[in-house]
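Asks: Right, I'll just put the structure down here and ask away after.
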Amino acid sequence: RVANPSLYLSRLRRDAGRLAIPWPEDFNERLKSAAQEVLASPAGLLRVELTAGGAVNVTTRKVSAADGAWSVVCRQAPDFGSLTGTKHGDWAAYRDATAYAQ
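Under the numbering used here, residues 80 to 181 are what the sequence shown spells out, in order.
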């Protein structure tokens, strides 16, 4: 079960436009083809990626359930100008925040 797929894909399409990545006419077919294998695996976090070259990639990663108390870390997000708010491939700040949290 994928939570809110229409909202997720709407945002992906909007952000692709903001990043000047053309939306393939056959996106749904590419998505179904890419998702077949990973959707057969155990539940986890699903990632759908549309590359600048038009490739649609789908991956999952396990999300461990935390028992007990949670710790929270807050870090300022970098300013990417007009790209702020899109998932555009610069993961350095995310990796740095994760390393800081650990």
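Glycine included, each C-beta is placed from N, C-alpha and C at the ideal position.
1. Would you mind working out which of Thr-139, Pro-121, Pro-157 sits nearest Ala-172, comparing C-alpha positions?
2. Which residues does DSSP pair with Glu-128 in a beta bridge?
3. Is it true that the stretch 87–94 meets the stretch 118–134, where meeting means three or more beta-carbon pairs spaced less than 8 Å apart?
4. I need the DSSP call for Glu-104, collapsed to helix, strand or coil.
5. Specify the secondary structure class of Thr-163 as computed by DSSP and reduced to three states.
Replies: Based on what the coordinates show:
1. The closest CA to that of Ala-172, considering only Thr-139, Pro-121, Pro-157, is found on Pro-157.
2. Its beta-bridge partners are Asn-136.
3. Contact between the stretch 87–94 and the stretch 118–134 is present: 3 or more CB-CB pairs across the two stretches fall below 8 Å.
4. Glu-104 falls in the coil class under three-state DSSP.
5. In the three-state DSSP reduction, Thr-163 falls in the coil class, being neither helix nor strand.
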